[in-house]
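Line by line, the protein sequences are chains L and Z.
In terms of numbering that gives the first Met the number 0, the numbers along the first sequence are unbroken and rise by one, the last being 343.
In terms of numbering that gives the first Met the number 0, the numbers along the second sequence are unbroken and rise by one, the last being 343.
Where is the CB? At the ideal position from N, CA and C, for every residue including glycine.
Values in this document were obtained by computation on a predicted structure and should not be read as measured data.
What follows is one structure encoded as structure tokens, with my remarks underneath.
Number of protein chains: 2
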Amino acid sequence: MLRQSQATIRDVARLAGVAPATVSRVLNRSGYVSERTRARVEEAIAQLGYVPNRLASSLRFKRTGTIGLVLSDVTNPFWTTVARGVEDAASDHGFNVILCNTDESEQEQERYITVLLQKQVDGILLVPVRSAPKPVEQIQNQGVAVVVLDRRVPNARVDVVRCDSFGGAYRLVRLLLTLGHRRIAALGGPEGVSTADDRVAGYRQALAEVGLDRSAELIFRGPFTQACGYEMAQRALTLEPRPTAIFAANNFIAIGALKALRDAGVRVPEDMAVVTFDDLPEGLVVEPFLTAAAQPAYEMGQQATELLLARLAGRGGPKPQDIVLPTEVIVRRSSGTALARSGA
Amino acid sequence: MLRQSQATIRDVARLAGVAPATVSRVLNRSGYVSERTRARVEEAIAQLGYVPNRLASSLRFKRTGTIGLVLSDVTNPFWTTVARGVEDAASDHGFNVILCNTDESEQEQERYITVLLQKQVDGILLVPVRSAPKPVEQIQNQGVAVVVLDRRVPNARVDVVRCDSFGGAYRLVRLLLTLGHRRIAALGGPEGVSTADDRVAGYRQALAEVGLDRSAELIFRGPFTQACGYEMAQRALTLEPRPTAIFAANNFIAIGALKALRDAGVRVPEDMAVVTFDDLPEGLVVEPFLTAAAQPAYEMGQQATELLLARLAGRGGPKPQDIVLPTEVIVRRSSGTALARSGA
DNA sequence: CTGTTAGCGCGTTCAG
DNA sequence: CTGAACGCGCTAACAG
Numbered sequence: 000m001l002r003q004s005q006a007t008i009r010d011v012a013r014l015a016g017v018a019p020a021t022v023s024r025v026l027n028r029s030g031y032v033s034e035r036t037r038a039r040v041e042e043a044i045a046q047l048g049y050v051p052n053r054l055a056s057s058l059r060f061k062r063t064g065t066i067g068l069v070l071s072d073v074t075n076p077f078w079t080t081v082a083r084g085v086e087d088a089a090s091d092h093g094f095n096v097i098l099c100n101t102d103e104s105e106q107e108q109e110r111y112i113t114v115l116l117q118k119q120v121d122g123i124l125l126v127p128v129r130s131a132p133k134p135v136e137q138i139q140n141q142g143v144a145v146v147v148l149d150r151r152v153p154n155a156r157v158d159v160v161r162c163d164s165f166g167g168a169y170r171l172v173r174l175l176l177t178l179g180h181r182r183i184a185a186l187g188g189p190e191g192v193s194t195a196d197d198r199v200a201g202y203r204q205a206l207a208e209v210g211l212d213r214s215a216e217l218i219f220r221g222p223f224t225q226a227c228g229y230e231m232a233q234r235a236l237t238l239e240p241r242p243t244a245i246f247a248a249n250n251f252i253a254i255g256a257l258k259a260l261r262d263a264g265v266r267v268p269e270d271m272a273v274v275t276f277d278d279l280p281e282g283l284v285v286e287p288f289l290t291a292a293a294q295p296a297y298e299m300g301q302q303a304t305e306l307l308l309a310r311l312a313g314r315g316g317p318k319p320q321d322i323v324l325p326t327e328v329i330v331r332r333s334s335g336t337a338l339a340r341s342g343a
Numbered sequence: 000m001l002r003q004s005q006a007t008i009r010d011v012a013r014l015a016g017v018a019p020a021t022v023s024r025v026l027n028r029s030g031y032v033s034e035r036t037r038a039r040v041e042e043a044i045a046q047l048g049y050v051p052n053r054l055a056s057s058l059r060f061k062r063t064g065t066i067g068l069v070l071s072d073v074t075n076p077f078w079t080t081v082a083r084g085v086e087d088a089a090s091d092h093g094f095n096v097i098l099c100n101t102d103e104s105e106q107e108q109e110r111y112i113t114v115l116l117q118k119q120v121d122g123i124l125l126v127p128v129r130s131a132p133k134p135v136e137q138i139q140n141q142g143v144a145v146v147v148l149d150r151r152v153p154n155a156r157v158d159v160v161r162c163d164s165f166g167g168a169y170r171l172v173r174l175l176l177t178l179g180h181r182r183i184a185a186l187g188g189p190e191g192v193s194t195a196d197d198r199v200a201g202y203r204q205a206l207a208e209v210g211l212d213r214s215a216e217l218i219f220r221g222p223f224t225q226a227c228g229y230e231m232a233q234r235a236l237t238l239e240p241r242p243t244a245i246f247a248a249n250n251f252i253a254i255g256a257l258k259a260l261r262d263a264g265v266r267v268p269e270d271m272a273v274v275t276f277d278d279l280p281e282g283l284v285v286e287p288f289l290t291a292a293a294q295p296a297y298e299m300g301q302q303a304t305e306l307l308l309a310r311l312a313g314r315g316g317p318k319p320q321d322i323v324l325p326t327e328v329i330v331r332r333s334s335g336t337a338l339a340r341s342g343a
């Protein structure tokens with residue numbers, strides 16, 4: 000507790016009158032140490048407030064006990080929950096997590112990956128900005144473990160843990176169809192991001208199954224942001240005839256859309272049914288209102304981390320896994336009740 | 000791009016036909032290197048896909064370019080926003096952030112601090128679980144920079160960046176008083192946490208100023224959780240005569256309280272006015288409803304990080320700073336309008 | 001049971 | 001302008 004700058008293992012050894020290696024042995028319980036010297040060493044450690052330098056041991060072991068988490072934006076409650084799942088699982092196994100927000104920028108993604116590799120993280124959990132396999136390969140070429148989170152990467156041999164975007168979207172839209180809706184606008188995410196593409200595909204499939212052809216599709220695409228949701232909803236409202244329902248591809252798009260509807264004086268669900276991907280965490284809303292396909296965000300983070308750590312331990316088999324977690328459609332007020340037969 | 004396990008600076012040197020030191024010089028642009036050898040070295044680097052090992056250089060420089068962020072729970076949107084502010088500011092300066100969730104457990108806090116110190120982080124941003132100075136001192140004794148976030152630590156000489164809990168609470172309660180309320184329940188946070196204590200103090204001060212003495216105080220205390228908010232609100236409803244307003248000490252307590260009120264059939268604001276500390280992020284709610292004292296969470300994270308990094312750079316003066324950011328009271332529907340004079 | 005030696009990968013002397 | 005040598009702090013291997 001006395002020194003300002005950190006004591007080293009040599010200082011401890013000197014004070015205890017032993018060799019550094021002996022101190023190392025008591026610290027790591029490796030090899031035999033007599034009770035007497037162990038006691039002396041432990042006292043010296045306490046007296047100096049000695050904290051072992053894990054950097055040095057990492058340099059030898061080639062293991063840092065740190066993983067990187069590269070996602071788009073922790074500020075989105077979905078990612079927040081994922082991050083918490085990751086951190087909990089990592090912590091359980093004695094690992095730490097370095098958090099990186101890309102804001103869906105490929106540049107930032109590249110920058111973060113490089114730094115993480117330089118810092119010798121043991122593994123990386125990556126939510127890839129685009130479907131290109133390059134970033135994944137960049138990591139793998141350094142011999143670092145990587146698990147892709149949330150999104151598919153078609154041309155890479157890599158473990159993926161994600162949710163069932165296609166199925167969730169399909170069931171949400173089917174629900175709307177069952178309620179009698181036939182003019183359903185899809186406010187989709189960005190093209191080239193697998194979750195966005197899969198959700199649009201689910202929407203299409205649902206329409207096709209009830210015999211609606213391509214001409215019935217009302218698809219908008221854009222970033223997963225509130226601003227874009229607002230704008231896409233506005234445009235949807237100008238369609239003739241106007242859609243009777245909206246399918247939003249994620250929580251932010253839904254919130255933006257709801258604001259647009261409110262500003263346009265369109266009531267939900269009376270004038271417009273709304274369903275969305277991503278439920279808001281139970282703890283954040285007093286009266287849940289949105290019919291949503293809830294993703295098991297926490298479990299996704301947790302399982303991806305477990306898989307990554309299993310890989311680090313040399314387990315998990317040779318073949319890349321594609322773990323798809325189920326989504327659950329939760330019906331609430333925003334989807335409304337069966338539509339009265341009218342014009343369309 | 001060929002090797003699976005990482006190439007070292009020696010491999011690059013060998014391939015380029017130079018000494019490791021020369022490679023180091025081209026990497027860090029230190030010292031003179033002829034154009035020709037520089038080109039050769041750079042080609043070798045590219046060919047091997049060489050990534051410098053920052054662990055090794057950190058070991059020498061005693062700088063890791065990493066800071067630790069120890070907070071209670073990223074899942075709370077307030078902390079999420081703080082974390083984002085921290086990460087952005089750190090990233091701007093080339094630093095990375097290790098995220099640690101304590102869940103307000105002193106044990107976890109201790110464990111995380113120890114690991115962070117072992118990993119030789121350059122600094123720690125700490126939201127202390129308790130007001131005791133020990134954890135702060137533990138960090139300082141290792142010669143590691145620390146800035147305390149959000150909460151005061153009375154007996155420590157340490158930089159603090161926080162929000163004005165006392166003032167925010169005071170103004171919220173004053174608002175209720177102005178509207179005519181006299182029986183106001185305070186659903187406070189845990190004792191011994193400065194933000195909780197300060198908010199209760201603000202509540203008391205506001206009451207005192209209108210001549211209400213201790214007997215008018217209706218104070219509940221407990222953890223900053225939704226469950227506790229629910230339970231405290233339930234108890235508040237059993238008071239005789241029943242309070243006409245509730246002051247919640249944070250967002251989770253408020254949400255729990257609102258659920259309790261809903262379950263009890265008590266309308267807000269008609270039957271009960273509600274005000275709270277912590278606004279929910281603008282992007283998370285369609286129709287903001289709660290009258291709240293909004294804290295500049297992002298700025299808090301950002302400024303704390305800037306201060307920490309300034310300390311690392313040897314700037315910021317000798318005296319610990321206590322930076323208090325203002326809170327802004329945002330009046331919405333939940334606080335209701337002026338109370339009609341009735342019984343109380 | 002304990003001390004000595006060597007090396008993890010890098011950057012910085014100091015010679016040449 | 002470039003190379004050789006040393007050490008950051010730790011631990012595995014080898015002696016004793």
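In the structure shown, the three-state DSSP call for Asn95 (chain Z) is strand.
Annotation: the segment 121–171 of chain L contains the following complete segments of the alpha helix (DSSP H) (minimum length 4 residues), in chain order: 133–140.
Selection L:Tyr49, L:Asp158, L:Thr194 and L:Gly313 evaluated against Ala303 (chain L) yields L:Asp158 as nearest (Cα-Cα). The segment 141–158 of chain L makes no contact with the segment 88–103 of chain L; the number of CB pairs closer than 8 Å stays below 3. Along the segment 69–82 of chain L, going in chain order, the ones with a CB nearer than 8 Å to a CB of chain Z are Asp72, Val73, Thr74, Pro76, Thr79, Thr80 and Ala82.
By the criterion of a C-beta distance shorter than 6 Å, Pro295 (chain L) is surrounded in its chain by Leu324, once the five residues flanking it on both sides are discounted.
Counting C-beta pairs with one atom in each stretch, the segment 125–134 of chain L and the segment 36–52 of chain Z have fewer than three that are closer than 8 Å, which means they do not touch.
Within the segment 132–162 of chain Z, the residues whose Cβ lies closer than 7 Å to any Cβ of chain L are, in chain order, Asn140, Gln141 and Gly142. Rounded to the nearest angstrom, the Cβ distance from Phe223 (chain Z) to Pro189 (chain Z) is 7 Å, consistent with a contact under 8 Å. In terms of CA proximity to Gln137 (chain Z), Z:Gln117 leads the group Z:Leu148, Z:Arg151, Z:Asp149 and Z:Gln117. By a beta-carbon distance limit of 8 Å, Asp121 (chain L) contacts Ile66 (chain L). Their separation comes to about 6 Å.
With distances taken between CA atoms, Gln320 (chain L) lies nearest to L:Leu306 out of L:Ala215, L:Leu306, L:Leu47 and L:Phe246.
Chain L has no Cβ within less than 8 Å of the Cβ of Pro319 (chain Z). Against Thr63 (chain L), the close residues of chain Z are Leu54 and Lys118, in the order they occur along the chain (beta-carbon pairs closer than 9 Å). Near chain L, meaning a CB-to-CB distance below 8 Å, the residues of the segment 244–260 of chain Z are Phe251, Ile254, Leu257 and Lys258. DSSP places Asp10 (chain L) in no beta strand (DSSP E) but in the uninterrupted alpha helix (DSSP H) bounded by Ile8 to Ala15. Here Asp72 (chain L) carries a coil assignment [DSSP, helix/strand/coil]. Assignment of beta strand (DSSP E) within the segment 305–331 of chain L, counting only whole runs of 3 or more residues, yields 321–324 and 327–329 in chain order.
With 16 or more other Cβ atoms from the protein chains shown falling within 10 Å of its own Cβ, Glu86 (chain L) counts as buried. Around the beta carbon of Lys318 (chain Z), a 10 Å sphere encloses fewer than 16 other beta carbons of the protein chains shown; the residue is thus reported as exposed. As DSSP reads the structure, Phe276 (chain Z) sits in a beta bridge with Z:Ala292. Between the alpha carbons of Asn154 (chain L) and Val147 (chain L) lies a distance of about 13 Å. Listed in chain order, the non-local C-beta contacts of Phe77 (chain Z) below 6 Å within the same chain comprise Asp277 and Ala296, local neighbours out to five positions each way being set aside. The residue from L:Ile123, L:Leu115, L:Val73 and L:Ala89 with its alpha-carbon nearest to that of Asn100 (chain L) is L:Val73.
The Cβ atoms of Leu283 (chain Z) and Asn250 (chain Z) lie no closer than 8 Å to each other. A Cβ-Cβ distance of about 6 Å is found for the pair Leu178 (chain L) and Leu338 (chain L), placing them in contact under the 8 Å criterion. Distances from the alpha-carbon of Leu176 (chain Z) to those of Z:Glu216, Z:Gln225, Z:Arg156 and Z:Leu70 put Z:Glu216 closest. Our two residues, Ile123 (chain L) and Ala205 (chain Z), have alpha carbons roughly 51 Å apart in a direct line. Residue-level contact check: Gln225 (chain L) touches chain Z, since one or more beta carbons of chain Z fall below 8 Å from its beta carbon.
Taking 8 Å as the upper bound for CB-CB distance, Ile254 (chain L) and Val285 (chain Z) are in contact here, some 6 Å apart. Taking a beta-carbon distance threshold of 8 Å, Ser57 (chain Z) counts as an interface residue toward chain L. Counting along the chain, Gly255 (chain Z) sits inside the alpha helix (DSSP H) bounded by residues Asn250 to Asp262. Rounded to the nearest angstrom, the gap between the Cα atoms of Leu125 (chain L) and Asn52 (chain Z) is 21 Å.
With a cutoff of 8 Å on beta-carbon distance, Val192 (chain Z) and Ile183 (chain Z) are scored as not near each other. Shortest Cα-Cα distance from Thr243 (chain L) to any of L:Gln46, L:Phe219 and L:Val273 involves L:Val273. Rounded to whole angstroms, the gap between the alpha carbons of Ala12 (chain L) and Ala43 (chain L) is 8 Å.
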